[in-house]
Structure formats: structure tokens, C-alpha cells
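Chains as they are written, first to last, in full-length UniProt numbering: chain B, 1 to 113; chain U, 1 to 846. Cβ atoms here follow ideal geometry from the backbone N, Cα and C, with glycine treated the same way. Here is the structure we will look at, set down as C-alpha cells.
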């Protein structure tokens, strides 16, 4: 068995340091808006009230409440924010969503209940 | 520093995003590695490298385990296929391991009259279960080996599939082994073999990032290949000039990114493709140089009817379906001539100007075009033919095997390529594209398996393909069936027939062994259920749709008494082969003794060592220099086995997967991304292959060295109507397929609460106009009836798909709906892959 390649290890270490991530392994995460809890890596479902929003608004509609941009001041709405890895270069300060992450429903389907 | 409101919002965004990211990085430690033994107890978490066990995308994942349990699954940025991406199924993989009803003990059914019910299975010891299974298999083998069968899967990891094929073909001398990949990829396979004489896509996923125009043919990538669809939409977002044409029978999520949706009448895609090819020739918009350098033309047997009746394969026409003959380019053009834009429009319902627009896309050599297709093309009564027709367009326009400019058949399952196709668990195959009917191929296999010369002549005739296998089962022609890594009682078409039309005659008569992880519907028809270790509960490897082989390491132990499928196979094989000899040696030891100690009932090493040992034997098929006898046969018969060269096992772990052929250059093993494309190996091109077998400086910078005369075949295939068409009695087309949240029959994904919350029920998607006409509304229950069977289902006009009037869709994941009761088992006469997309049904409110 090998360890991760050195470059990726460094990136991971730097990112971890920058983010100050010292959470314990396996910690569940509570969503700011719904109170639902998810294990690390598990993408939260959209709530049932969001049915049809992605189809009608696209990623911009999601970003409007869950992302940061110059046009909207969204975090005051207490919506669950996008993690850094959803931004270009893994940098939330870019306020620009990473291309493949724009297909939001691929990972965040709507809960039917 | 003054904190403005905007900077406050931005800084809050960063902080919150960082916090969210921290959640996903929780417990991040270096990949600890276990070398094949689960080592996650003792408090600290350990991370291992894995591959998602669901679709053919083959997304890399990092698996984190603690205290013997997988606690998180995240994307692996070092996996070249997915680059850290995944979909919702992949991120919830951990949950799939921990359903409350995991099978942990062998089960035996003593009373066959309980078949078809949840009752009647009792707990047993492994010895009792294995003795029973092996005894039944041996009895059948000795009595009449045409009455035994193994139904495998495109989800069976590579080394397990390799050993199964070796046991069945060399141990039992039986070709009655076939995978469920017959249901999804067989038409693509036969298409590849007919056109290129090699079963493989020339391109890779990076084509998606480089193309200018996407053409999806019968492919709902957004639901069935989510990671790749995310890359497709990312490519469109990155360049507003990128276009997407969706050629489909109904609007799906994939249509959302399309600039134009060409909705065609089911089955008429061949007419559209032929009209495009005809337009290119008539208007002199094909690539003359590419055609001259690389393409030969053929036509084949036509008027082949439909493979609905049991006697089709052995009928005169059934025996002639593979025949082709060379024709000139002019004759090819003449065959296409009737396919005017207007004629194709008349057949398909697609406006002629839209077909012309798509033809012009292919004609425009200033832009790269990538065709992507999957089950709409393959699960088709002319599936192989439609594969041909797509290649015809790309070969005419010189768009094949070039970065971003190609035709890419997407794979359905995680290792349909790696196991079913590359290992060769089909009824007509041997490992590495070899086929049982070819004497040179048998000699080559005998050399690597150390079998006496001529030993495999006993299996020169292919065995039962999947549909034949289950047709035989349903009418009492099978005495022993072992199914593993699948759920046949939900996924097979025409279940009304295969579940015995109610009287269970064949099911009751046969002895059925099911290896499973959860109590599926297939278990209700089993005589013995063997509880299997699942995914990272043992080590394994998958081969995905872009020729990438990747290893998933063992992360945790299996629950209870659940065991590795490979162990079950070895234990059954040693019992069945007891007292048998091959070349004067004990048969079992001869075949499997390198990695299994029969007396001890245990492997000779860790999972890692076992997988590596088996892999090293398997990769000899593509590295003939490792075996002098094989090397001599390879040279004499010009088999070009190095063309699909595989690397040593450890290289796949070190590199988080590699795309074959993998070439050793200056001590490093380098993958190939663009097959047959001349260029530096270190940049992903097929330098070694072209240099060894091909030619430089040919049109397009490609050389198809695996094809006969180095020229792939453009084969004219005519439009023929579907096997059945809507009538007064059955006025609707019915189409079935997958949706995002559930993998195949839902046996794993429905155990994940979040996935089940997102898609709890299989609904019948209908057009509102049809609903109004029938007097049904959302939520109404209706009875769906075809010539084959009946099922009840709930109506929706707000579902994932938006069928046109006269067509309905429902996914097949829900066993309580069991949609395959109504689906026809008519198959493509060439590939024997069933047509799941075009059954005619009636709809009645209940």
C-alpha cells in the first residue's frame, strides 16, 4: 500500500492548515438551515420545498442562497454554504463555482418528504 | 481595516465555506494502507484508495474507516477518471454497506414449495451450504453439463471474474457462463469487434473536456453517468460556443444542456444516422483522405427479423446474422442513397432541417465532435447495427481516435469492461478479447493456463447467452444455476416468463445458488444463499468505461460470516474438482493452487497478495513475453496480444488507476489515453502501439493497427422497424432504465436512507395529454399490460423524464413494482442484448 503522492499530500496539508480543520474523524455535520446531520463527504439533500428550483433556476439559483458573489449577500439568509472545494481552485474567495460542481442535483437531489 | 458590508459578506462566506470544507476533511490523515488486511480498530481512522462500485464512470474515492466501519467516502482527486468528482450514490457508498438486513449467514431452502416467497430459508453452516452447492454442481456436471450455468456480472471484480471464467471454462469445460453485461454492453461489444476487430473505446473521458460539440444518442448521462455529465456541462459553461445535440426518444435531464433536442420515433435512429451519412457523401462533405487511408466498406445480412422466438438463433436467418461482405465505396453510397433527409424525417418525426443541421455539424472540420451513447443504442432490436451507424458517420468524417473528436460508447457497470469484456466472462469469450471458436486463441489460453494441447477444444462452441440461459431455466432446461453480483429476478426482461409464468416449473426444478449481500428478490428463488463480502470488505479491481483499471483496497472486514466471493468460488471448485486431474496433476491445484491452499481452506496470503498473484497470471495474456509458449503462439498467429498490455498490479495502486495499454518506458509504466493516435506516450498517445504495429503519417494522425488491413469497417445497415409497434390493443411505447439515485435493482441504494428519500418510488412518467385522454392524474394507480405481462404502477406527469404523447417511462429499480414483468425479451440478433426500450403496452386505471 502506498501513501498519497507527495504533491497532493502537501496540498492537503496546506488546505487543512488554511481551513483550520481540526475536527475529529467521522464527525457528523449539522446543516445550518435544516438541522439535518450528514457524515463527512455526504452531500446534503435539498429540502422538499426546493422541488423544481434547480430545473427552473439552474446552478445560479442554488448559488444565490448557498454561494457567495458580488451580486447577492446570501449568507445572511443562513443557508448552508458551499464548501471550499466547490469553488474554482478550492478557494471560496473566488466566489466562482467550479465548473463540474455546477450540476448541483448530481449530488444534491431533492428529498421527497 | 474598515469592514464594509460587502467584505463582511465575503469574509463570512469564506469562513463558512471553510467550516463546511473542514467537515469534509475531518479526521484527514495520510492514506494509511492495510496491504489487504482491514486494520481500522484501535481508535484512529485509516484511509484507503477505492473506486465507486456503481456505474461505469469508475469514480475514484477515498474510503475512511474507523473501528471496523467505513465512516466516510470522498472523491479521490488523484483518480484520472473522476479527478475528485463523484455523484450522490458514490458519496453515500458507506451507507450501502450498513443496511439493517445484511446477509451474514449461509441460508438453505429445504422446501422448494416456498420459492417465490420471503420464507423458507434457514440458517446453515458454510460447510453444509458449500457441500450442498458443490454436490449439486458436480452431479449436474457429471450427468449433463449443458444443464449447468453461471450468471455473473459487470460488477464482479476483475480477479474474481478471471477465476470464475477459469473454473467454468478450464475446470468444468463449460461455456454456460455469461454476465449481466449482456443486458447492457453486448451491442457495443459486437459493434467494436465488427468495426475495429478489438473491443475497446479509442477515446477517453478527457475527450469531454476537449470537444466542441456533444452529440448524445439514446443516452441519459445526467442520470446514468452523472460524473461525466457534470464534465459535459462544465465544458459547456467554460465555452459558450460549445454545442450539445440530444438525439433521444424523450426529454430527460440530459436534454437540459442541449441546444437542440431531436426527439425521434423509437427505433428510427438508424434512419437518422443513415441520412446523415448519406448527406455527407451526396454533398461531398466527407473526409476523403481519412476514408482512403483508413476505411473499408461492407454490407451484411439484412431482413433478419426479430429474435423473439426461442428457435431464432438456430434458424437459417439466425445463423446468418453475422455475415458481411466487402463492397466498394460507391456501392456503400448507393445503399445509403434512399436515406434522404425527408425520408429520415418521415420515419423519425424529426424535422429534416434538424437532421441536416446535425449533419452539417459533422461536416464542419473546424470543430471537434464527440458522440456519446449508451443503453438507448445498445438495448435495441438493432443495437449492433446502430453502433455501426454511429461509427459510419465518424469514420466518414475522420472523427475517431482523436482527442475530443470521436465516438464513445459509455459503459453501464463499474467493471463491465474490466471483467465481463476484458477478462471474458461471456459465453463465447476467453480472456483478453480471445474467443472460444478460434483455435489459435484456445492454444494461447492453454499455454497460459498450462493446459494440455487441445484441452480447450471441448469448449469451441459458445454456451448459453443470458436470455437463452433464463429461457432454458424457465422451461426446465437448467438443473444448476449460480448467480452472483446481480439480481436476476428484478433485472431480467420478461420476468413473467423467467419467474415461471406463475407456476415456477423451471425455477422449482432447478437448483439455484445466489451469492448476495442483501435479501433480494432473487434470494426468494434460491435453494442456497451465500452471504458475500461487499465492496471494500475485500480487495478488488474494476475496469471502467475508458479502459482504466483501478484497485479498491480492503478497508474493513465483512460482517458476521459473510465471505469474499473468491473464497466461495475456491471452496466450491475444490469440492467439484476433487479427484479430477489435469495433465496428471490435481485439477484444482493445477488451476488455483498458486493462490489457494485447498487443504487449509484458505488463501496463501493477504487479499493484496492474492489479488496480485491472480493479476500477474491474468496480465500474462497481454504480456506474452512472460510465458515462452504464449510468446511463440502470439508471434506465429500474429495475435498482437501486447496491444492491450497491462501493468504489474502495484502500479495500479500507486497511480490510482491506469488506462490500458500501459507501456513500460524507462522503468515507468505509462498509460494510453488516446488509442491508435500517434504521438508521445508520455502525453497519453499510443506511441508504442503505432510504432510496433501501425503506420505513421496517415490521415488524422491515427493508425488502426488492430483492424483487418489496418482499416476499420463502415458497414451499411438498413432501417428496420422495432420488433413491435403500438396498436389498438397496446397503444403506448414503454421504455425503462436507470435514474440517478438508485443503482440497477436498488438492492444496495435503497438501503441508504438519503437515496431512498430522494427517490422512494418508481413512477410511470406520462405525457399530460395522454393522462387527460385516459382520465388519469398524478398519483393514480394504473395497470400496465404488454404481450408479455402486467404490473401496477403510480402515474406521474412531474417525473424525471418527459415522454412525448404515446410513450411512457418507468425505472426498474423497485422490486415492489417489478416493471420487467411487462418488458419484452426480444434481443438484437447479433449481440443477443435485449431491447428494454421499446415494449408496447396498454394503460388502464385501477
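Between the alpha carbons of residue 134 of chain U and residue 601 of chain U lies a gap of roughly 15 Å.
Our two residues, residue 161 of chain U and residue 306 of chain U, have alpha carbons roughly 31 Å apart in a direct line. Scanning its chain for C-beta atoms nearer than 6 Å, with the 5 sequence neighbours on each side dropped, one finds around residue 252 of chain U the residues 220, 801, in chain order. Nearest CB-CB separation between residue 248 of chain U and chain B: not below the 8 Å threshold. Proximity of chain B to residue 205 of chain U at the Cβ level (cut-off 7 Å) is not reached, the minimal Cβ distance being about 12 Å. Nearest to residue 263 of chain U by C-alpha distance, out of U/545, U/196, U/358, U/189, is U/358. At least 8 Å separates the CB of residue 834 of chain U from every CB of chain B. In the structure shown, residue 370 of chain U falls within a strand segment according to DSSP collapsed to helix, strand and coil.
Contact check for residue 107 of chain U against residue 70 of chain U fails: the beta carbons are separated by 8 Å or more.
Chain U has a Cβ within less than 8 Å of the Cβ of residue 99 of chain B. The criterion of a C-beta distance shorter than 8 Å is not satisfied by residue 414 of chain U and residue 836 of chain U.
Scanning U/644, U/653, U/648, U/326 for the CA closest to the CA of residue 672 of chain U turns up U/644.
Residue 616 of chain U has a beta carbon lying at 8 Å or more from every beta carbon in chain B.
If you draw a straight line from the Cα of residue 700 of chain U to the Cα of residue 676 of chain U, it is about 11 Å long. Excluding its 5 nearest sequence neighbours in each direction, residue 527 of chain U has C-beta neighbours in its own chain below 6 Å: 109, 511, 512, listed in chain order.
Leaving aside the five residues that flank residue 750 of chain U on each side, the residues in its chain whose CB is nearer than 6 Å to its CB run, in chain order, 756. Distance from residue 380 of chain U to residue 187 of chain U at the Cβ level is roughly 7 Å; contact confirmed, criterion being Cβ atoms closer than 8 Å. Using a Cβ-Cβ cut-off of 8 Å, residue 47 of chain B does not count as an interface residue toward chain U, since no Cβ of chain U sits closer than that to its own.
Between residue 248 of chain U and residue 255 of chain U, the gap from beta carbon to beta carbon is short of 8 Å.
Relative to residue 649 of chain U, the option among U/405, U/549, U/770, U/740 whose CA is nearest is U/549. Here residue 474 of chain U is actually not in contact with residue 522 of chain U; their C-beta atoms are around 14 Å apart, not less than 8 Å. Here the C-alpha atom of residue 184 of chain U lies approximately 12 Å from the C-alpha atom of residue 421 of chain U. One finds nothing in chain B with a Cβ atom closer than 7 Å to the Cβ of residue 263 of chain U; even the nearest lies about 18 Å away. Cβ-Cβ separation between residue 31 of chain B and residue 108 of chain B: approximately 11 Å, too far for a contact (criterion under 8 Å).
Secondary structure remark: continuous alpha helix (DSSP H) runs of at least 4 residues inside the segment 34 to 99 of chain B, in chain order: 53 to 66. Given a length threshold of 4 residues, each whole run of the alpha helix (DSSP H) inside the segment 122 to 146 of chain U is given here in chain order: 126 to 143. When secondary structure is reduced to three states using DSSP, residue 436 of chain U falls in the coil class, being assigned neither helix nor strand. Residue 184 of chain U carries a coil assignment under DSSP once its states are collapsed to helix, strand and coil. Taking a C-beta cut-off of 9 Å against chain B, the contacting residues of the segment 792 to 826 of chain U are 798, listed in chain order.
For the C-beta of residue 165 of chain U, not a single chain B residue is nearer than 9 Å; the gap to the nearest is close to 28 Å. In the structure shown, residue 786 of chain U adopts extended strand secondary structure according to DSSP, grouped into three states.
Following the DSSP letters along the chain, one finds residue 355 of chain U inside the alpha helix (DSSP H) bounded by residues 352 to 363. Looking at the DSSP output, residue 721 of chain U sits in no beta bridge, so it has no partner there. Beta-bridge partners of residue 483 of chain U (DSSP): U/151, U/514.
By the C-beta density criterion, residue 129 of chain U is buried, having at least 16 other C-beta atoms within 10 angstroms. Beta-bridge partners assigned by DSSP to residue 572 of chain U: none are found.
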